[in-house]
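Using UniProt numbering, the first residue of the sequence shown is number 1, and each one after it goes up by one. C-beta: ideal position from N, C-alpha, C; glycine also.
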Amino acid sequence: MSKKDLSRLYDNAFTIPFNDEDKIVFMSDVHRGDGTYYDALLNNRNIYLTALRYYLRNNFIYVEVGDGDELWKNRDFTEIAYAYESVFRVFNKFSKKDRIFIIYGNHDIIKSKKNFKLKQEKCINKIGTKYGNEFMEFIDNNIFYEGINFLYTPLNEKFLVTHGHQIDITNSTFKDISKILVRYIWKFMYGIAGFRDPTNSAKSKNKRTLIDNKLQQWVKENGKMLICGHTHNSYFPDIHEPPYFNDGCCVLPDAATAIEISGGKISLVKWSVQAQETGILWVKKAIIGGPVSIENYLLWARNERDRLRRAEEEERKNK
């Protein structure tokens, strides 16, 4: 897989129109696990759940930008369905309002399989008829996308949202090998001696930077706006930079990040645990990037496409 896959998605992916009255939140790399020591979200589950409930209460559209569930370390959803029943319950409330969209990543790519729902239902039913009801309702009521375009109707200009693993060869072309290594080797090596998983771009600073640079390069070469996850490295560009955004992840030490669009402005936010003087702990949201009018970025993309087209025409004339 390569940058061509990003262009394919931009040209063909499902499109959602929105305007300045809409509120949208993008969160990725939640890595909901089995509730054990190996569960990357375990320490942040209350932070994440607090953020989810806030977005539900305030009528946001929730967009999960891949790797919502950890299906490399876990074979199926039997443990995840139990450990995160409260999360799937909130998801189902979003679904009833038609305000949730799920994009899969490399760690939950099985959501793209035709037999995904049937296979999970069989696994869940082996445990008990009432087990995993919230999870089963969630997968029954949702479509799982590789990418989604969001069309900002005031400008008639769209941007692509996808996980971003498409240009990471370790986690796309060789994903099956990486999954085996994670599930049977690195998962346990980490538990025993703290070994880092070399297939995980989020745990390698050099690899993370390389992937972010490739994604940003696609934006610049094509004159498009892009929101991704995958690298766990939140990024909010300056208005004069190519509009590549990364929403970060939900498995930072005691924090989770997200990208919000509200009132036609885009922001990068961080949810974390804060302590009051009385000793009471609470979950607080802070803006760490923006807010900036989304028009600035979409107009950059449009103008860059025009510039690229003119340069192409000029090159043809000079041949």
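Nearest-angstrom beta carbon gap, residue j and residue i [assumed within contact, 8 Å]
| i | j | result |
| --- | --- | --- |
| C250 | L41 | 6 Å |
| S267 | G289 | 6 Å |
| E64 | I103 | 6 Å |
| P243 | A301 | 6 Å |
| K220 | I167 | Their Cβ separation, rounded to whole angstroms, is 14 Å, which puts K220 and I167 out of contact at 8 Å. |
| R99 | Y62 | 6 Å |
| V269 | A286 | 7 Å |
| Y145 | F14 | 6 Å |
Beta-carbon spacing of residue i, residue j below 8 Å
| i | j | result |
| --- | --- | --- |
| D22 | D67 | no |
| D247 | T231 | no |
| V30 | Y55 | no |
| D140 | K122 | no |
| K73 | Y38 | yes |
| S86 | L49 | yes |
Neighbourhood of residue i by C-beta, 8 Å cutoff - its chain only, sequence neighbours within 5 removed
| i | result |
| --- | --- |
| F88 | A81, E134, F135, E137 and F138 |
| D20 | P154, G263 and G264 |
| I124 | F77, T78, A81, Y131, G132, F135 and M136 |
| residue 320 | Nothing about residue 320 can be reported from this structure: the residues present for the chain run from 1 to 319 only. |
| N58 | K23 |
| F188 | Since pLDDT at F188 reaches only 49, below the 50 mark, its modelled position is unreliable, and no value is offered. |
Close-in-space but distant-in-sequence residues of the same chain around residue i (CB under 6 Å, 5 per side omitted)
| i | result |
| --- | --- |
| Y84 | R32 |
| E304 | G223 |
| Y297 | M225 and P243 |
| G35 | A83 |
| L308 | G223 |
| K96 | none |
| I60 | Strictly speaking, residue 60 in this sequence is Phe, with Ile absent from that position. Excluding positions up to five away in sequence, the list reads K23 and V25. |
Best match in the options for proximity to residue i [C-alpha to C-alpha]
| i | options | result |
| --- | --- | --- |
| L52 | T36, L226 and F91 | F91 |
| E295 | R310, K158, I47 and N233 | K158 |
| K93 | N142, I47 and N106 | N142 |
| I239 | S293, I211 and I47 | S293 |
| E260 | E313, D5 and P291 | P291 |
| N43 | I127, S234 and P253 | P253 |
| Y10 | S28, S112, T209 and W218 | W218 |
| F18 | S112, N156, G128 and S28 | N156 |
| H163 | F101, N318 and K317 | F101 |
| L299 | E241, I16 and R45 | E241 |
Proximal residues to residue i (C-beta, below 7 Å), its chain only, five neighbours per side dropped
| i | result |
| --- | --- |
| V161 | F26, V63, V65, I103, G147, I148, F150 and I227 |
| I177 | Reliability fails at I177, whose pLDDT of 49 lies under 50, so the model's placement of it is uncertain and no value is given. |
| K284 | S272 and Q274 |
| W282 | Q274 and Q276 |
| D212 | T231, N233, Y235 and N246 |
| I110 | L71 and F116 |
| D5 | Q166 |
| Q120 | D76, F77 and I139 |
| A311 | none |
| N12 | none |
| K317 | none |
Any non-hydrogen atom of the ligand COA closer than 7 Å to residue i Cβ
| i | result |
| --- | --- |
| Y244 | With respect to the ligand COA, the structure shown offers nothing to examine, as it has no ligands at all. |
Would the region 275-287 and the region 73-85 be scored as touching if the rule is three or more Cβ pairs under 8 Å?
no
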